[in-house]
Amino acid sequence: MRRRTWRAAVVAVALAGALAVWLLATRTFPYHSLNHDEGVYLQQAAMLLEGQLFIRPPVEESFRPWFFVDDGDRLYPKYAPVPAAIFALGKVAGGYRLALVGVAAATLALVALIVREVFDRRTAIVAAVIMLCSPLFVIESAVFLPYAPTTMLNLAFAYGYLRADRTGDWRFAGAAGAAIGLAFFARPYTAVLFATPFIVHACWTLVREPRVAFPRQLATAAFGLTGVGLALAYNATVTGSPLVFPYEAFAPLDGLGFGQRRILNHEIDYTLELALRANARVLAQFVTDWITGGILGAAVAAVGVGVTIRRGLSPREAILAGLLVTVPVGNVYFWGNFNILGDLERAGDGLIATHGPYYHFDLLVPVATFSAVGALALAAGARRLADRKLTPETARVTLVAALLVSALAVGGVTATTVDEKLDRNAAVTDTYEEVYAPLEDGPSEQALVFLPTPYGDWLAHPFQALRNDPDIDGQRVYALDEQPFAVVDAYPDRSLYRLAYRGAWAPHASSPQAARLQPVDHVAGSAVALNTTVGVPSTAEGVTMTVTTDDDSDTYVAENVSEEMPVRLTVTPETVRIHGAAWDSTEPLPIDDRDDIVVDVFVDQGPGSSFSYRLELPVRTEDETVRALTPHVERCSSIRDCGGEAAYIPDQSTDSLFVRTELSVPDTN
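Sequential numbering of the sequence shown, starting at 1, is according to the UniProt record's numbering.
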């Protein structure tokens, strides 16, 4: 293959990969994916663009993003900043997703360059095409996670090292060191596993040709150690110790090794037996679902390894073959491969179902390489066999037919696998679209939006698309409902809203089904009144109401049931009282200085059709003043279903099922 033709082919493959990743990133992942680490990296990228390593929230408990370390009055991400810096470059160029496009194109070009260094140009093009067609490559390259960028840096190191090994050029040796140093800064263990075969080769060259090899290996090592130094300096800046990485500061037992592993509320005893079982499942899925051709592609790669060994494995070829060992074996030592499986006994569970075995992303490189070697060797063998057994014309026809059948078989397996993975992710995106819909067209003014917390007190978990600016003062500010009055005080001039959704939070199962952006009023006075009217179907047999405060609760029975049942509460600095002729009211209930007054209205329609309305009214008393925010409103199939996932959605309710609320300060004259 001529050099000009080869270069054009590399550019074509890189552009095809860039286009595929762009389409996936914008159409399949417009709101990001099920892996909420994307929001961490994008938040960190925005911080870097503003020259910030830390976020200093005005109300600590209400503004902590997912996977950020709480360090007094400041927050910082648990991840190293290199992938985020790469994503930030995309923003500088015009949009964060341009970084994904650039990384994908660069990765494919580097695969071609590396394979050309070790084998030849034709094998290089085939390897790059196989890499492009891998489901793991296209999906993982289309999301804001660190695995594709780190692999790009590893490949830049590999190319620089191999080029320097061939030419003796110190510039490439230094560039290789800088690339692996940045890869170490990004993901230390990933870089070590990738670099290990190269380090073995470097030691071999130093023993064999010390005077020739030493200068370039010294350049690689020096620049590589510079990257290590940057990582340690960053650690010292954010954690206070060069040897304590941010992820250790977040969760000291979330790291390498066997034994007790823990992050947040997730804890296991990661034994060697469990590690081997988990990694065997991960590798099985890698081979069957996430490489080009699935098990057929794996067989071709095995042929490629055999052919390479039979021809006489060169030291440079042994480097790529070594990755087939160091990446899977090294990953046994990391419990993350257990975590991505979800339920170990259930196939298709966990993040591996939608994102693949992303800790093994580097393994795509040797698999694609030896698949290319195997495919070309099989094609050459088939051609020789046809030439011996058939006439020239028949041989050509037979060979073309065989190649077409093989390509269709491999392509069919790959297309089916990719389609299945994309469908899973597209279903998640469809659900996200429903949840984010209320925010698409508003509010247009400066707003403060309280977000629900299906996974606990974290921002961007799961709402990755709703992130604050690094100074937490953008057009929209997103906050948790923790200390809502302190948040309101920090942003006194903003319109207030609350995002709520209906249905359990399970995007992979098309739930929630709907969401609303509820306007929130903030009132204050010597007393506060909540006037509510709820809809009651004509088939109702009775209505009861339970009012609960932090200190007490009471239940009231409606004396007369009507299709519009009024509920009125009056809150003073010490008590809450129920009003209305329909209710058999008793003594007022005491409230605390900070309280959430919960009103449950149970509508009895007989077994199987009864339901409840729930209103949760946040109140706070300061001296002789009562403050309140518009209540959370839910409509639940039973009281047990209430609690944040049964929001009342006016557009989704029938005419007889409704809730109208008005929050006011009563006239005390």
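Glycine is no exception: its CB is placed at the ideal position from the N, C-alpha and C atoms.
(message) Can you check which of these residues, Arg594, Arg635, Ile597 and Asp593, is closest to serine 609 by C-alpha distance?
(response) Reading the sequence shown from its first residue, position 609 is the one you call residue 609. With distances taken between Cα atoms, serine 609 lies closest to Arg635.
(request) Between the Cα of residue 670 and those of Ala175, Tyr41 and Ile86, spot the shortest distance and give me the residue it belongs to. (result) Since the displayed the chain opens at 1 and closes at 669, residue 670 lies outside it and no answer follows.
(request) Give me whichever residues DSSP pairs with proline 77 in a beta bridge. (result) As a position in the sequence shown, residue 77 is number 77, starting the count at 1. Its beta-bridge partners are Phe68.
(message) For threonine 575 and proline 58, what's the separation of their Cα atoms in angstroms?
(response) One-based indexing of the sequence shown puts residue 575 at position 575. One-based indexing of the sequence shown puts residue 58 at position 58. The straight-line gap from Cα to Cα measures roughly 31 angstroms.
(request) On the DSSP bridge assignment, give the partners of serine 664 in chain order. (result) Stepping through the sequence shown from its first residue, residue 664 is reached at position 664. Note: serine 664 sits in a beta bridge opposite Ala529.
(message) Let me confirm a value: leucine 19 is counted as buried when at least 16 other C-beta atoms fall within 10 Å, else exposed. Which label applies?
(response) Sequence index remark: in the sequence shown, residue 19 carries index 19 (1-based). Looking at its Cβ environment, which holds fewer than 16 other Cβ atoms inside 10 Å, leucine 19 is exposed.
(request) Between the Cα of arginine 3 and those of Gly227, Arg121 and Asp552, spot the shortest distance and give me the residue it belongs to. (result) In the sequence shown, residue 3 corresponds to position 3, counting from 1. Selected option, being the one with the closest Cα: Arg121.
(request) Starting from proline 507, follow the beta strand (DSSP E) in both directions and report where the run begins and ends. (result) Walking along the sequence shown from the start, residue 507 turns up at place 507. Neither: proline 507 is in no beta strand (DSSP E) and is coded neither H nor E.
(request) Quick one: residues in its chain with C-beta nearer than 8 angstroms to the C-beta of glutamate 624, no 5 flanking neighbours on either side, listed in chain order? (result) Counting from one through the sequence shown, the residue named residue 624 turns up at place 624. Ser526 and Pro573.
(request) Take proline 666 as the anchor and find which of Thr570, Gly257, Asp596 and Pro650 has the nearest alpha-carbon. (result) Here residue 666 refers to the residue found at position 666 when the sequence shown is read from its first residue. Of the listed residues, the one whose Cα sits closest to proline 666 is Thr570.
(request) Using a threshold of 8 angstroms, state whether the C-beta atoms of proline 135 and valine 103 are closer than that. (result) Counted from its first residue, the sequence shown places residue 135 at position 135. Counted from its first residue, the sequence shown places residue 103 at position 103. No, the pair does not count as a contact, with Cβ atoms beyond the cut-off.
(request) Tell me whether aspartate 600 sits in a helix, a strand or coil according to DSSP, three-state version. (result) One-based indexing of the sequence shown puts residue 600 at position 600. Strand, per DSSP.
(request) Decide if the stretch 93–108 is in contact with the stretch 164–177; the criterion is three or more beta carbon pairs, one per stretch, under 8 angstroms apart. (result) no
(request) Measure the beta-carbon distance from valine 327 to alanine 186 and round it to whole angstroms, keeping in mind my assumption that it falls under 8 angstroms. (result) Residue mapping note: residue 327 aligns to position 327 of the sequence shown, counting from 1. Residue mapping note: residue 186 aligns to position 186 of the sequence shown, counting from 1. Rounded, the Cβ-Cβ distance is 16 angstroms, inconsistent with contact.
(request) Grab me the residues of valine 633's own chain with a C-beta within less than 6 angstroms of its C-beta, minus the 5 sequence neighbours each way, in chain order. (result) In the sequence shown, residue 633 corresponds to position 633, counting from 1. For valine 633, where only same-chain residues beyond five positions count, the Cβ hits under 6 angstroms are Leu615, Tyr648 and Val659.
(request) Classify valine 655 as buried or exposed, calling it buried when 16 or more other Cβ atoms lie within 10 Å of its own Cβ. (result) As a first step, residue 655 must be located in the sequence shown, where it is residue number 655. In the sequence under discussion, the amino acid at residue 655 is aspartate, which differs from the valine named in the question. Looking at its Cβ environment, which holds fewer than 16 other Cβ atoms inside 10 Å, aspartate 655 is exposed.
(message) Using only the alpha-carbon positions, how far apart do tyrosine 432 and glycine 342 sit?
(response) Residue 432 sits at position 432 when you count from the first residue of the sequence shown. Residue 342 sits at position 342 when you count from the first residue of the sequence shown. In a straight line, the C-alpha of tyrosine 432 is about 21 angstroms away from that of glycine 342.
(request) Measure the beta-carbon distance from valine 477 to glycine 374 and round it to whole angstroms, keeping in mind my assumption that it falls under 8 angstroms. (result) Here residue 477 corresponds to residue number 477 of the sequence shown, with the count starting at 1. Here residue 374 corresponds to residue number 374 of the sequence shown, with the count starting at 1. About 55 angstroms separates the two Cβ atoms, so there is no contact after all.
(request) Could you check the C-alpha separation between threonine 555 and valine 598 for me, to the nearest Å? (result) Start at 1 with the first residue of the sequence shown, and residue 555 comes out as number 555. Start at 1 with the first residue of the sequence shown, and residue 598 comes out as number 598. The straight-line gap from Cα to Cα measures roughly 12 angstroms.
(message) Rounding to the nearest angstrom, what Cα-Cα distance links leucine 225 and glycine 177 in this structure?
(response) For the purposes of this step, residue 225 is taken as residue 225 along the sequence shown, with counting starting at 1. For the purposes of this step, residue 177 is taken as residue 177 along the sequence shown, with counting starting at 1. Near 8 angstroms, if we compare the C-alpha coordinates of glycine 177 and leucine 225.
(message) Please report the distance separating the alpha-carbon of glutamate 209 from that of alanine 158.
(response) The sequence position of residue 209 within the sequence shown is 209, counting from 1. The sequence position of residue 158 within the sequence shown is 158, counting from 1. Cα to Cα, the separation comes out at about 20 angstroms.
(message) Quick test of your reading: glutamate 645 and glycine 503, contact by CB under 8 angstroms. State the CB separation rounded to the nearest angstrom.
(response) The count along the sequence shown starts at 1 and reaches residue 645 at position 645. The count along the sequence shown starts at 1 and reaches residue 503 at position 503. Rounded, the Cβ-Cβ distance is 6 angstroms, consistent with contact.
(message) Quick check on proline 252: buried or exposed, where buried means 16 or more other Cβ atoms within 10 Å of its Cβ?
(response) Taking the sequence shown and counting its residues from 1, the one referred to as residue 252 is at position 252. So proline 252 counts as exposed.
(request) On the DSSP bridge assignment, give the partners of glutamate 564 in chain order. (result) Translated into the one-based positions of the sequence shown, residue 564 becomes position 564. According to DSSP, which records beta bridges pairwise, glutamate 564 is partnered with Gly535.
(request) For my contact list, serine 495 and glutamate 445 are in at a C-beta cut-off of 8 angstroms; report their separation, rounded to the angstrom. (result) To locate residue 495, count along the sequence shown from 1; it is residue 495. To locate residue 445, count along the sequence shown from 1; it is residue 445. About 5 angstroms; that satisfies the 8 angstroms criterion.
(request) Would you give the residue range spanned by the beta strand (DSSP E) that aspartate 593 belongs to? (result) Working through the sequence shown from its first residue, we reach residue 593 at position 593. Aspartate 593 -> no beta strand (DSSP E), and no H or E assigned at all.
(request) Count the other CB atoms, across all protein chains shown, that sit within 10 Å of the CB of phenylalanine 250; report buried if there are 16 or more and exposed otherwise. (result) Working through the sequence shown from its first residue, we reach residue 250 at position 250. Phenylalanine 250 should be labelled buried.
(request) Spatial neighbours of valine 69 within its chain, please: CB distance less than 7 angstroms, with the 5 preceding and 5 following residues excluded, ordered by chain position. (result) By 1-based counting over the sequence shown, the position of residue 69 is 69. Same-chain partners within the cutoff: Leu75, Tyr76, Lys78, Pro246, Ala249 and Phe250.
(request) Could you name the residues of the same chain whose beta carbon sits closer than 6 angstroms to that of cysteine 642, not counting the 5 residues immediately before and after it, in chain order? (result) The residue you call residue 642 lines up with position 642 of the sequence shown. Closer than 6 angstroms at the Cβ level, and outside the excluded window around cysteine 642, lie Arg614, Glu634 and Cys636.
(message) If contacts are defined as beta-carbon pairs under 8 angstroms, then alanine 93 and glutamine 44 qualify, I think. What distance do you get, rounded to the angstrom?
(response) Here residue 93 refers to the residue found at position 93 of the sequence shown. Here residue 44 refers to the residue found at position 44 of the sequence shown. Between glutamine 44 and alanine 93 the Cβ distance is about 18 angstroms, and since that is not below 8 angstroms, they are no contact.
(message) Quick check on valine 619: does DSSP put it in helix, strand or coil?
(response) Mapped onto the sequence shown, residue 619 falls at position 619. Strand.
(message) For the stretch 328–336 against the stretch 301–309, do three or more pairs of beta-carbon atoms, one drawn from each stretch, fall closer than 8 angstroms, so that the two count as touching?
(response) no
(message) Beta-carbon within less than 6 angstroms of arginine 594's beta-carbon, same chain only, minus the 5 sequence neighbours each way: which residues are those?
(response) Reading the sequence shown from its first residue, position 594 is the one you call residue 594. Same-chain partners within the cutoff: Arg620.
(message) With three or more C-beta pairs closer than 8 angstroms as the rule, is the stretch 351–369 touching the stretch 282–302?
(response) yes
(message) Let me check understanding here. Comparing Cα to Cα, which of Leu663, Pro462 and Glu564 lies closest to valine 626?
(response) For the purposes of this step, residue 626 is identified with residue 626 of the sequence shown, where counting begins at 1. Nearest C-alpha to valine 626: Leu663.
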